[in-house]
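One structure below.
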Amino acid sequence: MKRFNDLRTRPTLFIFVVVLFLGFLVTNPRIMVTAVYAQEPRPEHEEQGNVVRRGDQRFNYLLRDGQQNLRVELDTQDHVVSTQTVSESPSEAKRIRATDTPSGPSSTLVTGSDPSLLDLEWKYGLFGSGIGLSRMSVFDIDNDDSLEMIMGGSAGGGFGADDFWYVVEHTGSDQYDQVWSSEQYGASIARIAVADTDHNQIGEIYVGLSNGTIYVYDGLTLEETGSFSAAGSLVALVVADVEHDGSQEIVVTDGSKIYVYAADSFALEWAATAYGGSDIAVANVDADAAPEIVTTTSGHGYVIDGLSHNLEWDYVGSFGSKIQLGDIDSDGMAEIVGAASWYKITAFDVDIKTPKWEIATSLDIGALRVADTDGDNVPEVLYGDGQWGSIHCFDGATKTQRWAIKNPDHGVTDIAVGDVNHDNVMEVLWGAGATSTGEDHLHIADIVTGSIEWQNIHLDGPLSAVDVGDVDDDGQDEIVMVSYESNNGYDDGIIHIFDATTHALEWRSTDLPNIHAWTGVKSLKISDVDDDGDTEFVIATAHLYDGLIQIYNGKTHALERQSPTYNGASFTALGIADVDNDGETEIVVGQDREHTGAAGVYLIVFDGATATEEWKSVGLDTYWGYVYDIELADVDNDTHIELIASLAGSKVYIYDGVTHQLDGIKDISAYALETFNVDADSQTEILVGTGSGVVEVYNGATFEFETEFKLGNGAILGLLVDDVDQDGQYEWLISEAGNLSIYNGVTKALLWRKDNFGQSTGYFNHLNSRDLDFDGTKEVVLGSSFALYQFGSNLNQSPRLLVYLPSILRNHCTSLYTDNFENPASGWYVGDNGNVRFEYLNDEYRLLIRNPRWWAGARPNVAIENAIVTVDVRNVTGEPSSYGLQFGIANNWSQFYSFEITPDGYYNLFRYSSNSGWTLLARDVSPHIYLGQATNRLRIVRSGSQISAYANGQLLKSLSDSTFTGTRYLGVIVTSFDEPDIDVRFDNFTVDSATCDRGTTLYQVSTSEAGTQREGSWKSDQNLKNK
């Protein structure tokens, strides 16, 4: 199927249907059809096109022993009729595959970049498939008296080996969370082992890759502490004191040989040129003082003395495919417990060199573990059936089954035991689902009750469809993300809403209503699309293969409406703005042809309030192509929004949003788009990220090529220009398949880079930059093929304030008006009279005051009586001046109040009238005001005569003044002092009801006509304004 990391390959169309294999396998087979043969009988297929049912014939595809691909024929009652081996994996063509994977796990910072520019603040990752294939461990790795669970997973899905690992911990009330995860490795993980090798009460995690590389991580910091290359390949690994000298060794087998390395220095201590195997373990299995190394192959079982390195026992016939060691009979010596691939588990007494007992199983054996499950210091034998079945626990002395817990998924990868939720009762955990094409889970069950207490949600990446904003209108930002799919591609993407500051999960969907999103969810955006004051979020997806958008209420999470479907063409990119200057918000989407029945690939404009089509382009010049990105901006200064769309890898289209005239088309290997005034003149440029890592720059008025910058090597999937560190200079953020880079906006020097994101980093140009924690710098939020990330800047930031606004400001008031200034026709005054320049610039509203001792205010056509008005403001120059909010503005500007701050930390509250001039109501210095060029979030609450002023979530002053009351306008203000050319930028201007009355309406709102402005000089004797 389609892949995310390069140009599309197009298979024959698959349509999914659900078939429930009772008692055997759950899968979502798909129906192969074409437009020409739509009336013919349609055999049903599983995910990759492999037949699982034709009439009364039913088939299932399984993986045996991690190697053999099997086709199992079932009768109508789902009983096995026959089994045959097939040569290729039925899941090799997984839709999202990594082709440009990194070679190691660490972040690679390019020489010359500053690794301190951004730090990872939060990460939310997949559990992946194949959970536990590289072994599970339960260990208190950080010495906090709480057990962690360490295991691996596969980010690519299908039957692939593990390629990343993570730590899971109980977080309260039957909830477990992935508290840390590695990045994706360039080679598969063969084995993960945990031990406290330096005896400091902190565990070390040893990650052995199939290529022979071993990485070591500190259990407290989870930072890499070392790595080395062991054997040329690695099959199994164990960490133990092999020589009984108090020092730990790393024991590795490549399948034929054994290598023993010092755990502290990684030095090779000794090696055996034979006796390797498919599994390896270490314990004292005989009556001498030295531990033994035990291995097993298909024809032999070997026991090697850890001190003399001599072969003590060669058991012809093999110990099995899996081995565990433990003193199961309390004789003071560990026994070998070996599981064959099918039907039996055998225990061996090494001291007398004989099999001890055998347990018969009814199925193949997926996993084996010897562990103490009841706290009596005598280990039991646990195994998991290879196909559905159960987790079984046997007494090692009596061979009687103590308990069994039903496994709801297909197969078991590994088993571990521990009191992981601190309830003084042991839990058993296991990974399941790796041997079928269905979903994969980590299950945690109570051993006493036999009930499963928790299992993870199986998400399928990318997790790149993400946006940031106050989606529920509570005064605090949220991170909203929807996964591409779930349950290994068989179910819809899952929507997540996180608190942007605490990252607590506020809400998560279970299924997308009314649809089956077979082609995945491609894009998500937050906006008040129907202009009703309630924020919504919009997703671009499809029902089956037929494209549609869904619009959800940001507060209730209910589906408000969805668009009609468009046959055979899923929806990809999203843009939201008033594109036709009618005062109402539109949603612009692009398409992706999914099958030959589609009419073509189009741009479509929907009415935000009704989700009905307003306009559709002619077919774009492609057959199997798809729209990758949409940018909406007035790039030619004609007051009309342009619809700029990239056709992945081939073209850029530019349409006039009002007239729908095609203004331009360019043959460019285009992906991500951005609009920005690159050279700081009066003309906005169009930035086009290409498939070769080049950003091409085009004049927004003439659409002619201006320049280009080589900023990457692969397709530029994400492109964002923003002042991330709030130092007054813009940075360029570039994401490719597996990395994110930040460049100086002027010199294009590399400032920072992080690799190893997996794939699909910032896919469909989902890069977000926003000050989420009021620290004066912006966080960067993006997703990739297997994780959602938040990075924070370390530079130029004021002390972080993790403080929420008072409850009156967080009581879910309805947003009555909001403007992020991305739409230059949103209703603010634009002009330049020589004294002041008013303009939209790079998604902000700019006031540039050229004269000293001058003030200027601007407002949209928005008026209300009792209001909460909020704005983000920054002083680009950092020169002495004041700037902030205006409120209580009379229609003719003869009266108003202002709340202004200065770059050195003061605030002023003024009352102004044309008759009496400026009256100072309050002034003071505050530590809550960020200094210099940093962004400050200012807020005024006006309720009757009461006025409260806030900065960055902190109350600065509350007073009463009833001079000007009633319904009045709101806006922004800048005042210069003794210096000219004061440049101040505003963003995220929001108006809420101070009374939180959902019936409140604005006295006047008009975005189809520009707002007004007022300015004037102030004399030196009016020193109230001059600090």
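Quick note on this note's numbering: the sequence shown kicks off at 19 and runs consecutively. Every residue, glycine too, gets a C-beta built ideally from N, C-alpha and C.
query, result
"Helix, strand or coil at V894 according to DSSP, with G and I counted as helix", "coil"
"Exposure label - K728; buried when at least 16 CB within 10 Å", "exposed"
"Environment of N909 [buried if 16+ CB atoms lie within 10 Å]", "exposed"
"Cross-strand partners of P397 (DSSP beta bridge)", "DSSP output for P397 lists no bridge partner at all."
"CB contact flag (A173, G776, <7 Å)", "yes"
"Selected residue, minimal CA-CA separation from A698, among D517, D1001, G451", "D1001"
"CA-to-CA distance, V156 to A385, given in whole angstroms", "16 Å"
"Coil, strand or helix - R828 by DSSP", "Any answer about R828 is weak, because its pLDDT of 29 lies below 50 and its placement is not dependable; what the coordinates show is given next. Note: R828 maps to coil in three-state DSSP."
"Rounded C-alpha distance that separates W375 from V500", "52 Å"
"Assigned secondary structure, N838 (DSSP; H/G/I helix, E/B strand, else coil)", "coil"
"Same chain, Cβ closer than 6 Å to Y333, neighbours up to 5 away in sequence not counted", "G319"
"CA-to-CA distance, R153 to D259, given in whole angstroms", "20 Å"
"Cα-Cα separation, G1029 to V848", "9 Å"
"Cα-Cα separation between I433 and N328, rounded to whole angstroms", "32 Å"
"Contact under 7 Å by Cβ, P397 with G801", "no"
"Span separating the alpha-carbon of V547 from that of L592", "12 Å"
"For S931, three-class secondary structure by DSSP", "strand"
"7 Å Cβ cutoff met for A876 and W911", "no"
"Nearest-angstrom Cα separation, counted from L477 out to V186", "16 Å"
"7 Å Cβ cutoff met for Q609 and V556", "no"
"Rounded separation between Y901 and S934 - CA only", "21 Å"
"Beta strand (DSSP E) runs contained entirely in the region 659-711, provided each spans 3 or more residues", "660-665, 669-674, 680-685, 688-694, 703-708"
"Opposing strand residues paired with D739 [DSSP bridges]", "Reading the sequence as shown, one finds Val at residue 739 and not Asp. W750."
"Completely contained beta strand (DSSP E) runs for the region 742-798, where each covers 3 or more residues", "749-753, 758-762, 768-772, 786-788"
"Cα-Cα separation between N786 and D740, rounded to whole angstroms", "10 Å"
"Backbone CA spacing between H658 and I648 [nearest angstrom]", "16 Å"
"Range of the contiguous beta strand (DSSP E) that encloses P373", "372-389"
"DSSP three-state assignment for M169, whether helix, strand or coil", "strand"
"Buried or exposed (CB count within 10 angstroms, at least 16 for buried), D163", "exposed"
"Exposure label - G407; buried when at least 16 CB within 10 Å", "buried"
"Environment of P309 [buried if 16+ CB atoms lie within 10 Å]", "buried"
"Cβ neighbours of Y142 in the same chain (closer than 7 Å, five flanking residues each side left out)", "A805, L806"
"Simplified DSSP state of Q219, which is helix, strand or coil", "coil"
"Start-to-end residues for the beta strand (DSSP E) that takes in V992", "986-994"
"Neighbourhood of N439 by C-beta distance below 6 Å, restricted to the same chain and skipping five residues each side", "H188"
"L974 and S944 closer than 7 Å at C-beta", "yes"
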